[in-house]
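Per the working numbering, the very first residue in the sequence shown carries number 44; after that it's consecutive. No residue lacks a Cβ here, since even glycine has one placed at the ideal position from N, Cα and C.
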Amino acid sequence: MKDDRLKLGSRLVIGGIAGFAATLAMTAAMRRMHARLPAKERYPLTPREIIDSGAKQIGMPLADDPARDVTLIAHFAYGALTGAMVAAMNPDPKKRTGAAAGVAIWLASYMGWIPAVGTLEPATKHPARRNGLMIAAHLVWGAATAAAIRELTLARETILAKGPDKDAPR
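Below, the structure written as C-alpha cells:
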C-alpha cells in the first residue's frame with residue numbers, strides 16, 4: 044500500500060482513530076496479564092498510578108470512581124495522540140514497525156517524561172513482571188495501531204472515496 048499522497052491532517056486523523064482503537068486491544072491485554080501477576084504486584088497499573096499521582100501533585104486527589112473514569116479517558120486519549128504521532132511519522136507502518144513504536148513509546152514514557160515530571164519513579168524501580176506486562180501491552184498497542192492505520196487508509200481510499208452517485212441518471 045502506498046499512501047504518500049495522504050496529507051498530514053489525514054494521517055493524523057487516521058492515526059488518532061487507530062491509536063484509540065488499539066488502546067482497547069492494549070487494555071484487554073493489560074487486564075488479562077494483570078490477573079496473572081502475583082497478588083502483591085496486582086496493585087493498579089501505571090495509567091491509574093499516573094492519574095492518582097498527577098491529581099495529588101496538583102492538590103486535587105480524586106475519589107476512586109472519578110479516578111477510574113479520568114484514567115480511562117486519559118489512557119485512550121494518550122493512545123489516540125501517540126497513534127497520530129505514529130501515522131504522522133510513518134503513514135504505512137508494518138505490524139513489526141508498529142510494535143517497535145509501541146516499545147519506543149513505553150521507553151520514552153516510563154523512562155523519560157513520567158519520571159522527569161515527578162509523576163512516578165522510572166521503570167527500573169518497578170517490579171520486573173509489571174514492566175514485562177507493560178512492555179507486552181505496548182507491543183500489542185503498536186502492532187494493533189499499525190494494522191488499524193493500514194486498514195483505515197485502505198478504507199479511506201476505497202469505500203470512503205467518492206464514486207458514482209448511485210441515484211444519478213444512467
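Looking only at its chain, what residues have a beta carbon closer than 8 Å to the beta carbon of residue 55, apart from the 5 residues adjacent to it on each side? 127, 130 and 131
My output table needs one value for residue 109: the three-state DSSP class, helix, strand or coil. helix
Residue closest to residue 101, alpha-carbon to alpha-carbon, out of 161, 174, 200 and 177: With distances taken between CA atoms, residue 101 lies nearest to 161 out of 161, 174, 200 and 177.
For chain D, find out if any of its Cβ atoms is closer than 8 Å to the Cβ of residue 201; answer yes or no. No chain D is present in this structure, which holds just one protein chain.
C-beta atoms of residue 57 and residue 197 nearer than 8 Å: no
Do the CB positions of residue 145 and residue 105 come within less than 8 Å of each other? No. Outside cutoff.
Chain-order list of residues whose beta-carbon lies under 6 Å from that of residue 45 (same chain, five-residue window excluded): Its pLDDT being 47, under 50, residue 45 is placed unreliably by the model, and nothing is read from it.
Start-end ranges of the alpha helix (DSSP H) lying completely within the segment 47-126, minimum 4 residues: 51-77 and 89-100
Assess contact between the segment 68-75 and the segment 165-182, defined as three or more Cβ pairs (one per stretch) separated by less than 8 Å. Is contact present? yes
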